[in-house]
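Heads up, the thing below is written out as structure tokens.
Residue numbers (the UniProt record's numbering): 1 to 374.
Below, the structure is given as structure tokens:
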């Protein structure tokens, strides 16, 4: 009842106070925060004013002709059939206009596609439905997932300020540096878009697309996947955090240390409780979007794990399908998406959650050995 009342109040407010409800609404593009985005904005404004002038001239002449030479005043229509001068003019004038428009457009496009001399290289891979960021020169990477709570998505809580535009691990880049993005995808076509950067590039399986940016002001910038990529397409935000160089260097050092610690965890002796705790977090991040938080699934595309033969049957088969996926279905291969620790944890969790009380656990060392045997 509370949610319905809130919706009704918002609708009534929008109808009664349209100025308030459209306070953030604008007709024009926003300039953005990078040189490229400002070049795009300037090009947009240049072309817009050229079109405005053309419109004023054309419609002005047309309306004046209609009014001054109307039939009621006895005007007789002139015959311009096969008038050489007119045909030359209406060919040359549009050509000149197009050349004038093409010069700044070409300069902007050349700059947009010039990804050379980059100072930071990041590989961006689209997955259903998350982004993977790999810092090529630093030898570490991570996944970025939607962090908006399900209670907000399902209208059990009031929606936050950055609803569906917040992630657990934002992309971090240094300000004042040229950052090159190498974009691809693991499954279907995605598109990485940050409007403040003036950057939108498709991520296509089997291909590498390039783009770049240079952000001069620290801040958090948000975007989305703009290619329809499946049922959770609207739950695939992009968040970029631009920080000063000193802060970026410290963050990189922390990430490299964390990656090394993660590798060392493979050799740790894990308890069932520890694996279950970590497995629940991993499941909520990587699996719940398809198989649901309670393991009930969304048949037929996403079968239930609660009480399923996979989650309660042969351990080797369970490991295989999580690591390698299942061809011809929506089940992805998580072998390269999750660490050995997270793989072991989530498999252990699936075998002992929602009443799947097998009492069995798999260790990160077993996952490591299994992957090395393939």
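For glycine and all other residues, C-beta sits at the position ideal for the given N, C-alpha and C.
Quantities reported herein were computed from a predicted structural model and do not represent experimental measurements.
- Annotation: the continuous alpha helix (DSSP H) that includes residue 367 extends over 364-372.
- DSSP places residue 285 inside the alpha helix (DSSP H), whose first and last residues are 272-286.
- Our two residues, residue 279 and residue 167, have alpha carbons roughly 19 Å apart in a direct line.
- Secondary structure at residue 209: strand, using DSSP grouped into helix, strand and coil.
- For residue 213, the CB contacts under 6 Å within the same chain, skipping 5 residues up- and downstream, are 34, 179, 197 and 199 in chain order.
- Distance from the CA atom of residue 306 to the CA atom of residue 293, rounded to whole angstroms, is 10 Å.
- When secondary structure is reduced to three states using DSSP, residue 229 falls in the coil class, being assigned neither helix nor strand.
- Only buried fits residue 181, as 16 or more other CB atoms lie within 10 angstroms of its CB.
- Excluding its 5 nearest sequence neighbours in each direction, residue 218 has C-beta neighbours in its own chain below 8 Å: 175, 242, 243 and 244, listed in chain order.
- In the structure shown, residue 113 adopts coil according to DSSP, grouped into three states.
- Taking 8 Å as the cut-off, the beta carbon of residue 370 is found closer than this to the beta carbon of residue 319.
- Taken in chain order, the whole beta strand (DSSP E) runs of length 3 or more contained in the region 159-223 are 171-174, 179-185, 190-194, 199-203 and 209-213.
- The continuous alpha helix (DSSP H) containing residue 66 extends over residues 35-68.
- About 7 Å separates the Cβ atoms of residue 173 and residue 215, confirming a contact at the 8 Å cut-off.
- Residue 325 and residue 334 have their alpha carbons spaced roughly 7 Å apart.
- Between the region 225-235 and the region 56-69 there are fewer than three inter-stretch CB-CB distances shorter than 8 Å, so the stretches are not counted as touching.
- Here residue 194 has 221, 223, 238 and 240 as same chain residues with Cβ atoms under 7 Å from its own Cβ, once five neighbours each way along the sequence are excluded.
- Looking at the DSSP output, residue 131 shares a beta bridge with 126 and 144.
- Residue environment: residue 90 is assigned as exposed (fewer than 16 neighbouring CB atoms within 10 Å of its CB, all protein chains considered).
- Contact between residue 187 and residue 142 is ruled out by a C-beta separation of about 18 Å, above the 8 Å threshold.
- By the CB criterion at 8 Å, residue 229 and residue 291 fall outside the cutoff.
- Bridge pairing for residue 237: 224 [DSSP].
- In the DSSP assignment, residue 326 falls outside any alpha helix (DSSP H) and carries neither an H nor an E.
- Residue 337 and residue 55 have their alpha carbons spaced roughly 54 Å apart.
- Between residue 356 and residue 312, the C-beta gap is smaller than 8 Å, which places the two residues in contact.
- Rounded to whole angstroms, the separation of the alpha carbons of residue 209 and residue 151 is 36 Å.
- Annotated as distal: residue 192 and residue 120, with beta-carbon spacing of 8 Å or more.
- Distance between residue 267 and residue 157, taken at the CA atoms: about 41 Å.
- Excluding its 5 nearest sequence neighbours in each direction, residue 94 has no C-beta neighbour in its own chain below 7 Å.
- Taking a 10 Å sphere around the C-beta of residue 49, we find fewer than 16 other C-beta atoms and assign the residue as exposed.
- In chain order, 318, 319, 322 and 362 place their CB closer than 7 Å to the CB of residue 347, counting only its own chain and leaving out the 5 sequence neighbours on each side.
- In the DSSP assignment, the residues bridged to residue 302 are 298.
- Rounded to whole angstroms, the Cβ separation of residue 184 and residue 163 is 29 Å, and the two are not in contact under 8 Å.
- Collapsing the DSSP output to three states places residue 242 in a strand.
- By the neighbour-count criterion, in which 16 or more other beta carbons inside 10 Å mark a residue as buried, residue 51 falls on the exposed side.
- Within the DSSP bridge table, the entry for residue 120 names 179 as partners.
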